[in-house]
Amino acid sequence: MLPEFFEFHNPTKVVYETGVATDLKPELDIIGIEKYFIVSDKPIADLGLVRKVEDGLVESGFIVTGKYTEVTQDADLEGVKRCAGQIKASGAQGIIAIGGGSVIDTAKAANILFSKGGDLVEDYSGAQTLTSRLNPLIVIPTTAGTGSEVTMVSMVYDRDNKEKLAFVDKYLLPDVAVLDPEMTLSLPPKLTASTGMDALTHSMEAFVGTAASPISDAFAYCAIELIIKNLVAAVQNGDDVEARGAMLIGSCMAGISFTHSMVGCVHGMAHATGALYRVPHGVANGIYLPYGLEYNFEEIYEKLAKLASPMGIDASGKDDKFLARAVIEKVFEVRKELNKLDALPLRLRDIGIPKDGLEAIAEGAINDGTSFYNPREMEEETLLPYIQKAY
Ligand SMILES: [Fe+2]
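404 is the number that my numbering gives the last residue of the sequence shown; the numbers go up by one with no jumps.
Rendered as structure tokens:
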């Protein structure tokens, strides 16, 4: 059945090539400015990835006006303001972000202040508050997970008020997403697994979500195939450029799908667990994904069955319920393989969540914004047994 309404807006140019992050000249020449400021974090700088990109820029005649490599695990408000101040003072004309979700979110939010000035929270938090384009932003992801290089969202943590601020705007979509598998080769197995499970969750929740469209489905479908077939290989052998490349493309396509179709109860539970117990987002999604699919089973099994083929399941002569269960079983299998590689915990008890904390997680999940897009109505009493299963 077709949705009554949907829109698809995807202006970010995606460039894929092994080694392309050190040869950005063709892309930057199109943009037409010369002075760039680099935003990253300390681990990425310590790995030499910032230097690699910087050297490439300088060799091609571009000017790096400065670097901010202090982004913390959460993109935090004070950091965003500091970063924006440095970008402005440096005389830059554009930004290059090199990193995972926090770095990209910091660069997006800092670009608002850099381009427009004003008060970030008062003037711009919330949805669609911008009225014109920002300065050019080029994003080079170093994880294959958040899809932030192609989403219109920036999440920033306000430490003083202990709250996450959301900035959602089409003008936050980066100008170019540079997918270079060499930039993810040094990602450790645990982070490869958890960020990969985040990407798988994006694509699966987007595919079965209430806001899905045929266009978001196409991106989700291909993303799921790429991720299912390459995640374990990328964890097993971090130097597998082919698997790393497939994961980067899969994560990017998952990002395009969920920025249009949204996510559901798996993310709701992960957000609640992260807020209460500081559990990394990808780890929580990895634990909850099959249980969230089971929670929604009656509403989504016909759609879920369509994923049998990209997940490598023989679909001939099987009915939708059988195939949907096989799809969920496949998710369980991938988790188990990652767990065997000591790269992903499988249960809440394994990451120190207390048994008496599960009700609070259920409460947090049903109050999360993602509950609007979940196929089955989210109620504390019906969701709790699935959180208990994940325990
Ligand atoms: Fe996510």
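A virtual CB, placed ideally from N, CA and C, is assigned to each residue, including glycine.
Around the beta carbon of GLU162, a 10 Å sphere encloses 16 or more other beta carbons of the protein chains shown; the residue is thus reported as buried. In this structure, VAL152 keeps its C-beta atom at 8 Å or more from the C-beta atom of GLU40. Residue PHE271 holds the alpha-carbon nearest to the alpha-carbon of ASN23 among PHE271, MET391, ALA105 and ASN380. Minimum Cα-Cα distance from GLU47 among the listed residues SER384, PHE335, VAL84 and LYS38 corresponds to LYS38. The shortest CA-to-CA distance from LYS65 to any of GLU83, ILE44, SER115 and THR155 is the one to THR155. When the beta-carbon positions are compared, ALA140 and TYR386 stay at least 8 Å from each other.
Ligand 1 has no heavy atom closer than 7 Å to the beta-carbon of HIS273. Placement of the Cβ of THR164 at a distance of 7 Å or more from every heavy atom of ligand 1 is found. Bounds of the alpha helix (DSSP H) holding VAL221 are 202–221. By the Cβ criterion, the region 230–240 is not in contact with the region 183–201, since fewer than three pairs of Cβ atoms, one from each stretch, lie closer than 8 Å. Under the three-state reduction of DSSP, VAL134 is assigned to helix. Linking HIS280 to VAL93 through their CA atoms gives a straight-line distance of about 25 Å. In the DSSP assignment, no residue is bridged to ILE379.
Collapsing the DSSP output to three states places LYS353 in a helix. Judged by DSSP secondary structure, LYS183 falls outside any beta strand (DSSP E); it is assigned neither H nor E.
With three or more CB-CB distances shorter than 8 Å, the region 345–360 counts as touching the region 200–211. Ligand 1 approaches HIS280 closely enough that one of its heavy atoms is under 7 Å from the residue's Cβ.
Each of SER167, ASP171 and ARG172 was checked against the Cα of LEU186, and the nearest Cα belongs to SER167. With a cut-off of 7 Å, the C-beta of ASP333 is classified as distant from ligand 1, since no heavy atom of the ligand falls inside that distance. Taking a cut-off of 8 Å for Cβ pairs, the region 112–132 and the region 167–185 touch, as three or more such pairs fall below it. Distance between ASP253 and PHE21, taken at the CA atoms: about 33 Å.
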